[in-house]
Every structure is written in structure tokens, then in C-alpha cells.
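I have placed the structure first, in the form of C-alpha cells, so that the comments after it can refer back to it.
2 protein chains.
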Amino acid sequence: MNIKSGNTLPEEVLKAIRSVVGAGQISLHEPSFEGNEWKYLKECLDSSYVSSVGKFVDQFEKDLAEFTGAKHAISVVNGTAALHIALRLAGVKAGDEVLIPALTFVATANAVSYCNATPHFIDSEENTLGMNVNELQNYLSRSTSQVSGQCINRKSGRVIRALMPMHTFGHPNDLDGLLAISNDFNIALVEDAAESLGSYFKGKHTGTFGMLGTLSFNGNKTITTGGGGAILTNDSELAKKAKHLTTTAKTSHVWEFRHDQIGFNYRMPNLNAALGCAQLEQLPGKLVAKRNLFKKYEEAFAKIEGINLFAEAINCQSNYWLQTLILDKSQAHQRDLILEVTNKDGIMTRPAWELINSLPPYVSCPSMDLQFSNSFSKRLINIPSSPSI
Amino acid sequence: MNIKSGNTLPEEVLKAIRSVVGAGQISLHEPSFEGNEWKYLKECLDSSYVSSVGKFVDQFEKDLAEFTGAKHAISVVNGTAALHIALRLAGVKAGDEVLIPALTFVATANAVSYCNATPHFIDSEENTLGMNVNELQNYLSRSTSQVSGQCINRKSGRVIRALMPMHTFGHPNDLDGLLAISNDFNIALVEDAAESLGSYFKGKHTGTFGMLGTLSFNGNKTITTGGGGAILTNDSELAKKAKHLTTTAKTSHVWEFRHDQIGFNYRMPNLNAALGCAQLEQLPGKLVAKRNLFKKYEEAFAKIEGINLFAEAINCQSNYWLQTLILDKSQAHQRDLILEVTNKDGIMTRPAWELINSLPPYVSCPSMDLQFSNSFSKRLINIPSSPSI
């Protein structure tokens, strides 16, 4: 019961969301197509270039590089595929470990598994919802050794090859801190920027700090290609390798079929890239709309006790992909009731992901103490975040 | 020099192809969009369902099942992904071997590698361009043992878990023979029907004979979804597992994120399925057109000596995906000249794939004697095959 209003907290939350989103069924994040989508798709059909070759693939990659400031962008079939290839290019091999947050979507961990490597779970922190840099530094100092320029997990004996933070709900991690850890411990930094297209740390786009970064254009993301993703890198050699591995690794010849490596056929079709080109043109507008939505929610939730709207940290510009409420610890028990009340009323809300280390395929993976992730994962609620609201 | 005409063989071939395809630049296989493509894509945009959920995905899967006669069809992001999941569902594990033809596209072998298994190369035969059933039977009898109901390669000590024929250029393998081998040797039959949508063996659609089958809808295939593929099976349990593995293996809940396995996020987007629905409606017409094209080529090549147009075998109805010329052994040396003369003239032709066992990632894999594949791979030429010709 909220003393001031006489309403319960779930009722307060419902009322606050309704005051922003209006009446009716409201989804969590819905794409909108208000630009050249129509025109570009028609161009695809008319040209008959709908598949793995076509001008929209090249254009989309060029536009993505320009928007993010990465030297190279390589489009792929989805964000999971982008993660898989980025990890391989960062040198992740069978038997290695990769540091990832416990609080992330399962794809981050699955990509590690595709490399026959093992995820190693890292705690988060409350300013960014991302990796807890201080705790991670202490943890690595305590539990790893440097052997021949490689970071060895002393307990497992395995090489810790990569560090893959994820910019949660669009909020950038502390990239200064993560870069320092990457350098100090000889661990490649690969950014999972699936959720953070349009998010910046100290004015530089997420996904462009590490050796490689990845994006996702799934239907629920800020812009969509139906399904799609991209690999970002400033290293021209890695970009060439990314293109090679994400196709069938065919060597160049007019008619011969010679493949010099095991490729993954992760190419984004031209049809999907056409949608992407049109969507990317509208991205600046969508980012403004999402920031405005944050401000409206901020006002609506300002006076509700026991719950806070998550705001970008210092040095961070978030795309506010998913607007996020955080319950006070004392109110954590109300989470499921809030989810029930809102979803029953036609407003789609959802909790954070279950921590990956609790999922059956990953229960026995190594992990640092996950104190914050454990507490936090039970207190987060995502609320409707479409730019069209 | 062809004695009758006074022309060289390459000139004769060029003339024959031109007599069928007419003037201008002619590609090998071009998609055409003459039905509801436009309407369905617009429906996607208007509904905002472009991604992993939507009515076209369900419709496309239903239509595919109906067309092929398979009980279940599960759409995925491409044919390679379909192969990967089909092999996993057939029980292929790390350290296993999978029998595949040496004469196939590299994706067949790559899918085996994704399972951390080893391709084991099988020879082809000249009636079907597919697996040589008699030689395979002899080879397995000589070189394998049955241990606890599993087929063991005596030389490597590994389990031969699956048998994956590929229906080359649309021509069905001898499926009676392959089914018998599958039963006799306890090896799961998985059909790579990437090239054979609309091809039948004894009146039954390819890809529906084995435990699982796969299709491809790449831009060069008989119908296209931009990029896409499907898994076919008559086993409802396997179909359920295929759907689970090709998504993120999420267990069902309104808002919770619980994933009980490592999923692969291979979902076909609704946008691509929309294209597929429209294309599938036109498939019967395209098949008729491709058969007519075969007849025209048959006539054009009837009197040319030293080269033959490949025709469907007894009991087989081919979709004639790629029309195929086979040079007599005595004329094999002319292949590259024919490729040069035709490509230089603007007619896209190409040789068969290099045998997979000769590609760098696969040179050390086990193999039976590849006498026929070796001879054949140097004598095949694919010529323009679009249904719109």
C-alpha cells in the first residue's frame, strides 16, 4: 500500500504507465515502418536481388559504419551469429573461457558455446546494469595468472580468451574500466552491443571500443531488419575475415568453387538489408522519441515510492532501448504482482532474464560472486518502450 | 572440332545454349517474382510483424508440409542451418562420422563440422549423380562393424551416425537403396534436399524418406525467401525439438526467460516467409517451365557429339534445378574452354563443385574410393536454368 495515494504499488505502477501510453493493448517494443521501407523492398523485388548479393547489403554496411563510427560493419543473419563470429575472430577456441555477464540474454552465452568454449559469469553493478568493473578487476587479480601473455584461470587451468560485456537495455558499460581490464589482463574485449545501437560512452558509439562489437536488428530492437545483426570493427584485416567466415569462405573466382575454411553462411539477405537501410534513416528520430518517452515515464514515476526508473549513468548516452523500473529491495516481493497486474491489463511488461548461470545448460560454468546480479535480476521490470508511444 | 558442323565443341555448345536462351546476358539461375510477393510483403509491413513471429511463418511451414507431403516443416534462416539442426536431431555428436557425397556443395560438410563431427566421403554414380548405393554397401560391409547397434568405422574407431545424401542439381538419389543401407547398417538417413524442392522418387517427395530432410530457399534456388531453409520430418517429436532448437530453446511462459537447452536462433523472419508463401504458390508453374526448358535443351544438344544433357533417372522426377551437361571422358579437356567461351559471351555457366575432400578444411577426412566423383566432377557443366527462360 502506497501511503500517499491509498493505492497498492502495482496499482500505482499501472496507473503511471497508462498515463504515458494511453489506452489499449501496448506491446513491449514494436517496430514501426514510416520511411522508405516500402520503396526499398519494391526495388529488391524489381531488381530480383533479394538474396545474398545486392546493393542494399553494401549500403546497409556502409550506413552502419558511418552511423556508429566503426571503420567496418559486416551484416549477418542475426545478433547471435554476429556474436559467434566476433568471438571466433577474437581468437576464442575450444576449451577457452569467455567472461560474460550473468545478467544478459541467453544468446551471449550460447555464442560462447558455439565456439566450444565455456562462459564464465561476471557480476553487474547498479550504475550501468553492466559488468562490475571494480569487482571484476579484484576477481581477476585474485584468481588468474599471466602465462606467456595469456590470462589463465588458476582454478580451471583454462585460458580466459575474451571479455564480452553487454550493454544492458541500451545502457553503456563503463568502457574505460573494461578497456583497462582487457589491457591489464590480456583478454580480448568484444562488445555485445545487441541492445545499444545509438548508445554512446563518452561520445563514442558502443561496440566500437573493443577488438570487435556486435549489433542486433531483431524485431524487438530499436531498428529491425526482420532478423539481422552486424559485426563492427576498426581492424580491416578482421573485417575481411568476418566477411569471409560469414559467407561460405569461398575464394574468389568467376566459376570455381574453392572454400579455404569452414564458413558459416551467416549472410544477411538483400531483402532484409533493404529494410535495414530504410530503418537506419529513421534511427535519429526514433532515438529522440525514445528519450522523450523516458522523460514522460520519469515524470509519471517521480512520486511513486519503492520503485525507480533507470536513468543513464554519467558519461553514458543510452538509446533507452527498453525502459526499466527497479524496485527497492524492500519491494522486491511485489515484482510478480506488478507483472501480473500490468500484463492482465494489456500492458506488456516483463522481468529481467533469469541469470544465465541458473539455466540448465550453464549451471556448472565458472562464476564470480554474483551478489548484485542476483539481487537486481529479481527487481527489474521492463515496461513498454516503442518509439511510437 | 566437331566433324559434322565444322565448329569446335565449345562453339557448338555456345550455339546450342544461345538457340534456347536467346540473346543478351543470361544468369545461371535467377529468381522471378510474379505472384503475391508484393502483397504479402506489404501485409508484413502494415502489420509490423516482420520478425520471428507472424502468420507467414506458420503459413509457409503449413504450405511446405502440404507440398512435400512431410508431416512437419520447420522454417529456418538458410539451408546450412537446416542441415546443422537435422544432423543434431539425428543424434550426431562430437567425434561421430557422417557419410556425405564428395560431390556436393561445401555446406553439406560444414554442417557436419558444426556438430564437431567428421565428414566421411562417399562416391557418386552416373544415373543419379547421387551416392553410389552398390559401392557404398560394399564399402560399409568391408570397413565397418556393428557394435551394440551402432555402426563403427573399423579404421577410425568412430561411430558412423548418419548418412546424408544430397539430391544433386535436383536429381533424386536411389532412395530405396539408401533406406536399405540406413536400416542394414543402423545409420540415420538425413536427406540434403537443398536442391530438390519439387523432385520425387517413385512419386514421393525428396527429403521425406529419411528421419529428417532439409530444403534451401537461397536466391539461386527454384523458389527463394531471400535466404532461408526448412527441416522436414514425419516425426512429431523431432519436429517439436527442431522448433525448440531453431529458436532460443525458451520454455513457454508469458514473461519469464527460461531456456532449457542451447538454442541456435535459426528462425526464419516473417518477412522472408512472406516472400516464401508467394513463391510457393508459383512453384508448380516454375517446375513446368523448368521441365520445358530441359526439353528445349535436349533438342538443342541432341546432335552434338561428345557432350550430353543430364536427364532424370528411372523412378525419378527431377525438378531440373540446374540443367547439366556431361562431357564424354574423351572431351573432358574441353571443359574449361567451354566455360570460358560461354562466360565470355555473357552466358553464365559453371563447373561442378570441387570435390569436398580436396578442400583445405577436409583433406584429411576419411573417404571411400572416389573414382566416379573424380571423373565426373571434371566433366560437368551447369548451364542457365531459370524458369523464366
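Line by line, the protein sequences are chains A and B. Using the numbering used here, read the first sequence as starting at 4 and increasing by one per residue. Using the numbering used here, read the second sequence as starting at 4 and increasing by one per residue. For glycine and all other residues, C-beta sits at the position ideal for the given N, C-alpha and C. Everything numeric in this text was worked out from a predicted model, so none of it was measured.
Asked	Found
Anticipated Cβ contact below 8 Å, alanine 385/A with arginine 353/A, distance rounded	Reading off the sequence shown, one finds asparagine at residue 385/A, where the question assumed alanine. Confirmed, about 5 Å.
Coarse secondary structure for aspartate 126/B, derived from DSSP in three states	coil
Cβ-Cβ distance between alanine 114/B and leucine 90/B below 8 Å	yes
Burial state of serine 370/A, where buried means 16 or more other Cβ atoms lie within 10 Å	buried
Euclidean distance between Cα positions of glutamate 138/B and serine 185/B	14 Å
Start and end residues, beta strand (DSSP E) containing valine 162/A	Unbroken run through valine 162/A: none, as it is neither H nor E.
Against chain A: residues of the region 117-144 of chain B by CB proximity under 9 Å	Tyr117, Asn119
Assigned exposure category for isoleucine 392/A - 16 Cβ within 10 Å defines buried	buried
Rounded straight-line distance, which links the Cα of leucine 92/B to that of glutamate 194/B	13 Å
Closer than 8 Å at the beta carbon, the chain A residues around glutamine 419/B	Because chain B is modelled from 4 through 392, residue 419/B falls outside the range shown and cannot be assessed.
8 Å Cβ cutoff, leucine 48/A in contact with chain B	yes
Neighbour flag for leucine 342/B against chain A, beta carbons, 8 Å	yes
Continuous alpha helix (DSSP H) assignments of at least 4 residues falling wholly in the region 292-376 of chain B	338-347
From Pro272/A, Glu198/A, Ala305/A, residue whose alpha carbon lies closest to that of serine 54/A	Pro272/A
Residue environment, aspartate 187/B, which counts as buried when at least 16 other CB atoms sit within 10 Å	exposed
Given threonine 250/A as reference, the closest of Asn377/A, Glu240/A, Glu302/A, Asp263/A once Cα atoms are compared	Asp263/A
Start-to-end residues for the beta strand (DSSP E) that takes in aspartate 195/A	191-195
Residue-level contact to chain A via CB, glycine 230/B, 8 Å cutoff	yes
Pair within 8 Å by beta-carbon distance, threonine 171/A and leucine 86/A	no
Environment of methionine 4/A [buried if 16+ CB atoms lie within 10 Å]	Here the model assigns methionine 4/A a pLDDT of 47, short of 50, so the residue's position is not dependable and the matter cannot be decided.
Pair within 8 Å by beta-carbon distance, serine 144/B and phenylalanine 375/B	no
Chain A contact for methionine 4/B (CB, 8 Å cutoff)	At methionine 4/B, the pLDDT of 47 sits below 50, so the modelled position is not reliable and the matter cannot be decided from this model.
Proximal residues, the region 214-227 of chain B versus chain A, C-beta separation under 8 Å	Asn221, Gly222, Asn223, Thr227
Best match in Lys332/B, Gly222/B, Ile350/B, Leu274/B for proximity to isoleucine 20/B [C-alpha to C-alpha]	Ile350/B
Within-8 Å CB hit, valine 80/A to chain B	yes
Below-8 Å beta-carbon distance, serine 159/A vs any chain B residue	no
Proximity test, Cβ basis, 8 Å: threonine 83/B and chain A	yes
Of the residues Ser51/A, Lys293/A, Ser50/A, Ser378/A, the one placed nearest histidine 336/A, counting alpha carbons only	Ser378/A
Interface partners of leucine 393/A on chain B, CB under 9 Å	Nothing can be reported for residue 393/A, as the shown portion of chain A is limited to 4 through 392.
Contact with chain B by tryptophan 324/A, beta-carbon distance below 8 Å	no
CB contact check: alanine 110/B to chain A, cutoff 8 Å	yes
Rounded C-alpha distance that separates lysine 253/A from tyrosine 323/B	25 Å
Chain A contacts from the region 39-73 of chain B (Cβ-Cβ distance under 9 Å)	Glu40, Trp41, Leu44, Lys45, Cys47, Leu48, Asp49, Ser51, Tyr52, Val53, Ser54, Ser55, Val56, Gly57
Lysine 224/B, buried or exposed, once every other Cβ within 10 Å from all chains shown has been counted against 16	buried
Among Arg270/B, Tyr365/B, Glu284/B, nearest to glycine 82/B - alpha-carbon criterion	Arg270/B
Start-to-end residues for the beta strand (DSSP E) that takes in asparagine 275/B	Segment 273-284 is the alpha helix (DSSP H) holding asparagine 275/B; no beta strand (DSSP E) there.
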